[in-house]
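Asker:
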Amino acid sequence: MKRLLPALLLLAAACKQKEYNADMLVKNAVVYTVDSNFTTASAFVVSGGKILAVGNADSLEQQYNAREVLDVQGAAVYPGFIDAHAHFYEYGMGLQEVNLVGTHSWPEIIDSVKTYSERNTDGWIIGNGWDQNDWTNKHFPDKAKLDSLFPVRPVILSRVDGHAAIANQAALNIAGVKPGQTINGGEIETNNGKLTGILVDNAVGIVTRKIPEPTSAMVDTALLSAQSNCFAVGLTTVDDCGLPYTMVNTINELQHKGDLKMRMYVMLADRQENYDYLFKHGIIKTPHLNVRAFKVYADGALGSRGACLLKPYADSAKWNGFLLSNPKHFEEIAPKIAAHGFQMCTHAIGDSAVRVMLKIYAANLKGKNDLRWRIEHSQIVSPQDIDKFGEYSVIPSVQPTHATSDMYWAGKRLGNERLKTAYAYKQLLKQNGWIPLGTDFPVENINPLYTFYAAVERKDLKGFPEGGFQSENALSRIEALKGMTIWAAKANFEEKEKGSIEPGKYADFVILNKDIMKVKGSEIPTTKVTKTYINGVKVYDKK
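Sequential numbering from 0 applies to the sequence shown in numbering that gives the first Met the number 0.
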């Protein structure tokens, strides 16, 4: 019996060693952990949907026996990308509508609408993505051709930024829009006393509120189709800006069923029913859903001359743009948001809008703080106001591809002097030492690698301009990667659970076919995601 005991103990030890104590080992990788020291590793272990350990394969293989070993053969691995400002649901709905992104003329748009109408014969025709700045004739179009083609069927086609649209007469009739009608924070364009169909900012809502609500099946399709496309570009968390409270349960249910795996940070729209809902329920937090912010609109967009400027537009001498609400509205809601412990995220593009909101923020934040109130876009900032971001710990949430999309015509709108502190991401980064990055999709492409490229190279996808657009405001590659991982997580109060590959955090990671930290700048846009993981589970695999 005594002789058998050591043998039995050895056998038991051998059996114990064969037991699995981890779900996955990722090895032979260049792992950009994006931890506080920005260290790299060659392997990490996943267990229970979280990172268990990070190091080298030899050491980790001695400590852990994983059910799955993923040998990435030297590929670069990054934390899952986070888009700090997007319109996820809107993008998904747009996939079911007329896609006008990249169109180069009004006749081309008309052809696209006609083709869509032949395949979809009932209901409203809704389209999005046109930009008159991309046309030879850069003036807003007229609805006459839409009226002749669709005298009864309502049509509304939104500009790429969502801050302007063109509607045909059938849609205007349903909404009761009349020549000479005015609206605060918007414009209903007329020519010789007749409606042109062009609606700017708040005027767009007069018509869109008449569009029938989508069915639950359409909503589910929108969310899941958006998810599929986002996984393919390495996104594992998106900030969806400006949703109604009614979407919270829909998202939560789809996530609970396991259909919607995308992690979402939701900002509710600036409406009383949304305040009532969240003030009553408090912060809503699950592993995949975080609702603790409100999206407020201060002004419109530069491309449609709706951005509110301190001085007139350089190409429209008597026009400064406008605020979308009376400043009193912002002054009233800010202390309510603060009192309930929520985050205020305000769309402000023009330097006047930014100044108005910084003053209101300052009155409520009262110096340095950790409330992480955000100015979304922070696109044109007066030199006198830049320091206010640091003084009151206001977070500039920016979208680098806006700079490379607008650079062709932004100088015409602003003039050379004012352009110097527009799209000034490096200056804004210095204020707090960190800056979250996003895309604002579907206004821009959903691909976060384009965000990275625009941030560091300040060029379009054709490599223009040669030296980069205002390259003094380019970010380093480390800053850009942090902006779409750990800093984006921090903007959402989630830096302790995601944004880096560290023990205890969610196993959200992305594998690329090139190392964006090392390749030539020109190669960044052609880099592809090969695999995307959430909770250590593969959600995308490029075949």
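Just so it is clear, CB atoms sit at the ideal spot from N, CA and C, and this is done for glycine as well.
Please read these numbers as outputs of a predicted model, since none were measured by experiment.
To which residues does DSSP link glutamine 342 through a beta bridge?
Answerer: Residue mapping note: residue 342 aligns to position 343 of the sequence shown, counting from 1. Answer by DSSP bridge pairing, in chain order: Ala292.
Asker: In the DSSP assignment, what are the bridge partners of cysteine 240?
Answerer: Residue mapping note: residue 240 aligns to position 241 of the sequence shown, counting from 1. DSSP lists Met266 as partners of cysteine 240.
Asker: Rounded to whole angstroms, what is the Cα-Cα separation between alanine 12 and proline 399?
Answerer: Along the sequence shown, one-based indexing puts residue 12 at 13. Along the sequence shown, one-based indexing puts residue 399 at 400. Its pLDDT being 47, under 50, alanine 12 is placed unreliably by the model, and nothing is read from it.
Asker: When we look at the beta-carbon of methionine 217 and count the other beta-carbons within 10 Å, is it buried (16 or more) or exposed?
Answerer: The residue given as residue 217 occupies position 218 in the sequence shown. Counting Cβ neighbours within 10 Å, methionine 217 comes out exposed, since fewer than 16 surround it.
Asker: Just the Cα atoms here: how many angstroms apart are lysine 17 and arginine 66?
Answerer: Against the sequence shown, residue 17 aligns to sequence position 18. Against the sequence shown, residue 66 aligns to sequence position 67. Note on lysine 17: pLDDT 49, under 50, position unreliable in the model; the coordinate value appears next. Their backbone Cα atoms lie some 10 Å apart in a straight line.
Asker: With a cut-off of 8 Å, do at least 3 Cβ pairs link the segment 87-94 to the segment 427-444?
Answerer: Touching, per the Cβ criterion.
Asker: Buried or exposed, going by whether 16 or more other CB atoms sit within 10 Å of the CB of phenylalanine 468?
Answerer: Here residue 468 is taken as the residue at index 469 of the sequence shown, counted from 1. So phenylalanine 468 ends up on the buried side.
Asker: Who are the Cβ neighbours of serine 224 in its own chain at under 6 Å, not counting the five residues just before and after it?
Answerer: Along the sequence shown, one-based indexing puts residue 224 at 225. Correct list, in chain order: Gly91 and Leu94.
Asker: Give the single residue among Ile155, Ile533, Glu96 and Lys317 whose Cα lies nearest to the Cα of asparagine 119.
Answerer: For this step, residue 119 is matched to residue 120 along the sequence shown. Here the closest residue by C-alpha is Glu96.
Asker: The alpha helix (DSSP H) with proline 78 in it runs from where to where?
Answerer: Along the sequence shown, one-based indexing puts residue 78 at 79. That residue, proline 78, is in no alpha helix (DSSP H); its beta strand (DSSP E) goes 75-78.
Asker: Ignore the nearest five residues each way along the sequence and tell me which others in asparagine 512's own chain have a CB closer than 6 Å to its CB.
Answerer: By one-based count along the sequence shown, residue 512 stands at place 513. Cβ neighbours of asparagine 512 beyond the five flanking positions: Lys527 and Thr529.
Asker: What does the Cβ neighbour count give for valine 151, buried or exposed, with the cut at 16 atoms within 10 Å?
Answerer: Counted from its first residue, the sequence shown places residue 151 at position 152. Exposed: under 16 other Cβ atoms inside 10 Å.
Asker: Return the chain-ordered ranges of every alpha helix (DSSP H) run that is complete within the segment 129-198 and spans a minimum of 4 residues.
Answerer: Correct list: 143-148 and 168-174.
Asker: If you draw a straight line from the C-alpha of lysine 335 to the C-alpha of lysine 458, how long is it?
Answerer: Walking along the sequence shown from the start, residue 335 turns up at place 336. Walking along the sequence shown from the start, residue 458 turns up at place 459. Rounded to the nearest angstrom, the two C-alpha atoms are 41 Å apart.
Asker: For the alpha helix (DSSP H) holding histidine 376, just list the boundary residues, first then last.
Answerer: Numbered from its first residue, the sequence shown carries residue 376 at position 377. Per DSSP, histidine 376 belongs to no alpha helix (DSSP H); it is in the beta strand (DSSP E), 373-376.
Asker: Given serine 351, which residues of its chain have a CB within under 6 Å of its CB, disregarding the five upstream and five downstream residues?
Answerer: Indexing the sequence shown from 1 puts residue 351 at position 352. Hits under 6 Å: Cys307, Leu308 and Leu309.
Asker: If I'm right that tyrosine 391 touches leucine 364 with Cβ under 8 Å, what's the distance once you round it to whole angstroms?
Answerer: Walking along the sequence shown from the start, residue 391 turns up at place 392. Walking along the sequence shown from the start, residue 364 turns up at place 365. That pair is a contact at about 5 Å.
Asker: With DSSP collapsed to three states, give me the class of aspartate 540.
Answerer: Counting from 1 along the sequence shown, the entry for residue 540 is found at position 541. Aspartate 540: strand per DSSP, three-state reduction.
Asker: Given a cut-off of 8 Å on the beta-carbon distance, is the pair alanine 488 and isoleucine 50 in contact?
Answerer: Working through the sequence shown from its first residue, we reach residue 488 at position 489. Working through the sequence shown from its first residue, we reach residue 50 at position 51. It is not a contact, given that the beta carbons lie outside the stated cut-off.
Asker: Comparing alpha-carbon positions, which option in Tyr63, Ala292, Leu267 and Ser157 lies nearest aspartate 22?
Answerer: Taking the sequence shown and counting its residues from 1, one reaches residue 22 at position 23. When only C-alpha atoms are compared, the closest one is Tyr63.
Asker: Checking the sheet assignment: what are the DSSP bridge partners for glutamate 67?
Answerer: Counting from 1 along the sequence shown, the entry for residue 67 is found at position 68. Paired residue(s): Met23.
Asker: Is any heavy atom in the ligand FMN found nearer than 7 Å to the beta carbon of asparagine 228?
Answerer: This structure does not include the ligand FMN; it has no bound ligands of any sort.
Asker: What runs of the alpha helix (DSSP H), each 4 residues or longer, lie entirely inside the segment 385-437?
Answerer: Listed in chain order, the complete alpha helix (DSSP H) runs (minimum 4 residues) inside the segment 385-437 are 385-390, 399-405, 409-413, 415-418 and 424-431.
Asker: Does threonine 235 have its Cβ less than 8 Å from a Cβ in chain C?
Answerer: Given the protein chain composition of this structure (a single chain), no chain C is represented.
Asker: Any idea what DSSP makes of aspartate 350, helix, strand or coil?
Answerer: Residue mapping note: residue 350 aligns to position 351 of the sequence shown, counting from 1. Three-state DSSP puts aspartate 350 in a helix.
Asker: Looking only at its chain, what residues have a beta carbon closer than 8 Å to the beta carbon of serine 573, apart from the 5 residues adjacent to it on each side?
Answerer: Shown here, the chain extends from 0 to 542; a query on residue 573 therefore has no answer.
Asker: Who are leucine 511's beta bridge partners in DSSP?
Answerer: Numbered from 1 along the sequence shown, position 512 holds the residue referred to as residue 511. For leucine 511, which the question treats as bridged, DSSP gives the partners Ala75 and Val528.
Asker: Assuming the contact rule is C-beta atoms closer than 8 Å, leucine 171 and valine 206 should be a hit. Round their C-beta distance to whole Å, please.
Answerer: Taking the first residue of the sequence shown as 1, we reach residue 171 at position 172. Taking the first residue of the sequence shown as 1, we reach residue 206 at position 207. That belief holds up - the Cβ atoms of leucine 171 and valine 206 are roughly 7 Å apart, short of 8 Å.
Asker: Return the first residue and the last residue of the alpha helix (DSSP H) that glycine 54 is part of.
Answerer: As a first step, residue 54 must be located in the sequence shown, where it is residue number 55. Where glycine 54 is concerned, there is no enclosing alpha helix (DSSP H), although the beta strand (DSSP E) it sits in stretches over 49-54.
Asker: The alpha helix (DSSP H) with tyrosine 42 in it runs from where to where?
Answerer: Translated into the one-based positions of the sequence shown, residue 42 becomes position 43. Position check: residue 42 holds alanine in this sequence, whereas tyrosine was assumed. Where alanine 42 is concerned, there is no enclosing alpha helix (DSSP H), although the beta strand (DSSP E) it sits in stretches over 42-46.
Asker: By the three-class DSSP mapping on this structure, what secondary structure does isoleucine 445 have?
Answerer: On the sequence shown, position 446 is the one that residue 445 refers to. Isoleucine 445 falls in the coil class under three-state DSSP.
Asker: As a quick exercise: from Lys387, Gly196, Leu370 and Ser157, pick the residue whose alpha carbon is nearest that of glycine 175.
Answerer: Walking along the sequence shown from the start, residue 175 turns up at place 176. Here the closest residue by C-alpha is Gly196.
Asker: For lysine 327, which option in Ala347, Ala300, Lys317 and Met356 has the closest C-alpha, if you only look at C-alpha atoms?
Answerer: As a first step, residue 327 is located in the sequence shown; it is residue number 328 there, counting from the start. Checked all of Ala347, Ala300, Lys317 and Met356; the closest Cα to lysine 327 is Met356.
Asker: Leaving out five residues on either side along the sequence, give the residues of the same chain with a beta carbon under 8 Å from the beta carbon of valine 33.
Answerer: In the sequence shown, residue 33 corresponds to position 34, counting from 1. Answer for valine 33: Tyr77, Pro78, Leu480, Lys481, Thr484, Ile485, Gly498, Ser499 and Ile500, listed in chain order.
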